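Keeping their order, the protein sequence lines are chains A and B. So for the first sequence, the numbering used here puts the first residue at 23; every next one is plus one. So for the second sequence, the numbering used here puts the first residue at 23; every next one is plus one. Note that the Cβ used here is the ideal one computed from N, Cα and C, for glycine as well. Quantities reported herein were computed from a predicted structural model and do not represent experimental measurements. To keep things clear, I will list the structure first and then write my remarks on it.
There are 2 protein chains.
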Amino acid sequence: MLCQVQHAASSRAIVMPASAGEVLFLEGDPCERVIELRRGIARGVSISADGERQVTAFFFPGDQIGLPIAEAYRFTAEAVTELGYVCHSRQSWSEALIRSCREQGGLLSSICAEQDPIFRRGIIIGRHGVLVRICAFLRSIIDRLPVTPEGDLVFPLPQIDIAGYLATAPESVCRGFRQLRESGIIAVPGRDRLTILDRSAIVRIASGACQRSF
Amino acid sequence: MLCQVQHAASSRAIVMPASAGEVLFLEGDPCERVIELRRGIARGVSISADGERQVTAFFFPGDQIGLPIAEAYRFTAEAVTELGYVCHSRQSWSEALIRSCREQGGLLSSICAEQDPIFRRGIIIGRHGVLVRICAFLRSIIDRLPVTPEGDLVFPLPQIDIAGYLATAPESVCRGFRQLRESGIIAVPGRDRLTILDRSAIVRIASGACQRSF
DNA sequence: CGGGGTCTTGATTTCATTCAAAAATGGTGG
DNA sequence: CCACCATTTTTGAATGAAATCAAGACCCCG
Chain A
23 MLCQVQHAAS
33 SRAIVMPASA
43 GEVLFLEGDP
53 CERVIELRRG
63 IARGVSISAD
73 GERQVTAFFF
83 PGDQIGLPIA
93 EAYRFTAEAV
103 TELGYVCHSR
113 QSWSEALIRS
123 CREQGGLLSS
133 ICAEQDPIFR
143 RGIIIGRHGV
153 LVRICAFLRS
163 IIDRLPVTPE
173 GDLVFPLPQI
183 DIAGYLATAP
193 ESVCRGFRQL
203 RESGIIAVPG
213 RDRLTILDRS
223 AIVRIASGAC
233 QRSF
Chain B
23 MLCQVQHAAS
33 SRAIVMPASA
43 GEVLFLEGDP
53 CERVIELRRG
63 IARGVSISAD
73 GERQVTAFFF
83 PGDQIGLPIA
93 EAYRFTAEAV
103 TELGYVCHSR
113 QSWSEALIRS
123 CREQGGLLSS
133 ICAEQDPIFR
143 RGIIIGRHGV
153 LVRICAFLRS
163 IIDRLPVTPE
173 GDLVFPLPQI
183 DIAGYLATAP
193 ESVCRGFRQL
203 RESGIIAVPG
213 RDRLTILDRS
223 AIVRIASGAC
233 QRSF
């Protein structure tokens with residue numbers, strides 16, 4: 023793993039709480055602060071003029087949200103679960119960028135960390151077939167989910183958000199998950215829980231290997 | 023318009039030519055140079071394991087392609103038309119980044135310039151309806167196309183690439199364009215030519231205003 | 001003057017959305 | 001602790017839109 027930005031006051035910073043559904047910042051607002059997620063899962067949301075809601079990204083602990091790449095935030099950030107986060111001012115973030123840039127001689131890994139998932143989503147939802155998209159999505163996040171002592175994944179994402187992320191209907195997401203369950207590829211031991219029974223099958227479907235057996 | 027990076031040797035640099043279809047760099051190759059497009063149109067291409075081809079972005083004169091945000095290029099860059107470009111070493115680009123970062127106190131506009139279209143594509147192909155996607159796409163590029171003395175746009179993008187960009191079939195793109203022609207919204211006076219007759223209609227359709235009259 | 005690629009068009013099939021409604025879940029307040 | 005509500009998830013059936021298949025027209029190139 024590449025290391026994240028080191029902020030001078032990082033360890034001393036106050037961890038703010040937010041409850042599920044809370045807005046962290048709004049699309050269009052000027053980028054005044056960067057949010058570093060410490061606990062929980064957040065989502066980036068973009069609403070089209072006609073009300074179509076898209077989830078542009080999911081964020082996990084360690085991610086930096088709302089980098090001042092443009093003048094204004096390009097999406098709204100909301101808490102999916104309860105979460106804890108730390109704020110950095112735009113200026114202190116820029117200073118950290120310069121420092122890290124000079125030391126590593128390369129670009130900041132945190133820029134990559136925010137931009138890469140956005141890029142990856144574009145590729146995922148460009149794929150044909152709901153099941154392919156679901157598996158590509160699963161593959162991209164299962165390594166970032168906490169594991170319970172029993173070996174299950176903590177998976178608190180509502181299907182509505184997954185549908186918004188995959189640009190599909192919630193019913194289709196549900197049917198997709200059912201298919202994966204019935205194929206013995208995943209199990210859902212409980213709400214907010216997910217067990218990967220056949221990881222290679224997920225990768226296989228995600229890469230489109232099996233034409234239309236699924 | 024935000025200003026692009028100033029490279030010390032920018033104006034003195036040699037402009038390299040490339041012919042249509044030529045590869046500028048390959049997905050997965052280490053990011054060793056940044057390409058600054060001077061003339062023509064380029065595309066970013068990503069091929070899935072099963073051979074599905076997606077166009078991740080179109081690039082126009084002034085754009086920087088292949089920023090070293092990650093270690094390796096995330097897409098293959100190819101010339102759509104004949105083009106002219108200038109190469110910058112990764113190092114000289116990083117130095118320019120630090121300089122600009124310190125002077126402006128903000129992040130580099132060229133990072134935004136490459137990342138923003140990628141972000142925007144995600145939003146576009148997340149929309150439902152081929153015609154909506156086509157219009158959203160048109161709206162996003164028509165301001166970057168050269169204008170002929172007659173007032174037409176120079177539009178050298180093959181429909182196959184547009185289909186790859188919009189994650190749809192070439193036939194659907196063709197039908198979509200026909201519909202726009204028959205509705206008097208655009209005209210196609212010749213190959214590589216496009217006339218916008220009703221720009222507001224494009225914006226209206228792109229924003230999903232007209233439910234399903236189209 | 002071919003010939004390969006792109007564009008165009010129609011017919012058909014497939015898949016996902018939509019509509020509708022029931023079941024499950026979580027939270028709330030009595 | 002339980003009843004109740006709101007939200008999410010699930011399921012089925014019908015509809016609709018786009019992909020696919022197939023074939024012909026067009027155009028640019030050598």
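Item: Exposed or buried, which one is B/V45 when buried takes at least 16 other CB atoms within 10 Å?; Value: exposed
Item: Do the stretch 115–125 of chain B and the stretch 41–55 of chain A touch if we need at least three Cβ pairs shorter than 8 Å?; Value: no
Item: Ignore the nearest five residues each way along the sequence and tell me which others in B/A40's own chain have a CB closer than 6 Å to its CB.; Value: A101 and L105
Item: Determine whether the beta carbon atoms of A/G148 and A/T217 lie at a separation below 9 Å.; Value: no
Item: A/H150 versus chain B: which residues are under 8 Å apart at the beta carbon?; Value: E74 and A189
Item: List, in chain order, every chain B residue whose beta-carbon is nearer than 7 Å to that of A/F141.; Value: R96 and I140
Item: Are B/I227 and B/I208 close, meaning C-beta to C-beta below 9 Å?; Value: no
Item: Return the residue from the list A/R155, A/S229, A/A223 and A/I57 that minimises the CA-CA distance to A/E204.; Value: A/A223
Item: Would you decide whether A/C53 is buried or exposed? Buried here means 16 or more other CB atoms lie within 10 Å of its CB.; Value: buried
Item: Within a Cβ cutoff of 7 Å, which residues of the same chain sit near A/P192, ignoring the five residues on either side of it in sequence?; Value: Q181, I182 and A185
Item: Give the single residue among B/F81, B/I69, B/M38 and B/S68 whose Cα lies nearest to the Cα of B/R166.; Value: B/F81
Item: If you drop the 5 nearest sequence neighbours on each side, which residues of the same chain put their C-beta closer than 8 Å to that of A/M38?; Value: G106, Y107, V108 and C109
Item: Alpha carbons only, please: which of A/D51, A/D85, A/R75 and A/V67 is nearest the one belonging to A/R60?; Value: A/D85
Item: DSSP state of B/Y107, grouped into three classes?; Value: strand
Item: Excluding the 5 residues flanking B/L202 on each side, which residues of the same chain have their C-beta closer than 6 Å to its C-beta?; Value: I208
Item: Would you say B/T217 lies against chain A (beta-carbon separation less than 9 Å)?; Value: no
Item: Taking 9 Å as the threshold (C-beta atoms), are A/I91 and A/I146 in contact?; Value: no
Item: At 9 Å on the CB atoms, spell out the chain A contacts of B/Q181, in chain order.; Value: Per Cβ cutoff of 9 Å: no residues; B/Q181 is ~17 Å from chain A at best.
Item: Do B/R215 and B/T170 count as a contact pair if the criterion is CB distance below 9 Å?; Value: yes
Item: Which residue marks the beginning of the beta strand (DSSP E) containing A/R60, and which one marks its end?; Value: R55 to R61
Item: For a contact meaning CB atoms closer than 9 Å, what does B/C109 contact in chain A?; Value: Those within 9 Å of B/C109 in chain A number zero; the least Cβ separation is about 17 Å.
Item: Can you tell me where the beta strand (DSSP E) holding B/V77 begins and where it ends?; Value: R75 to F81
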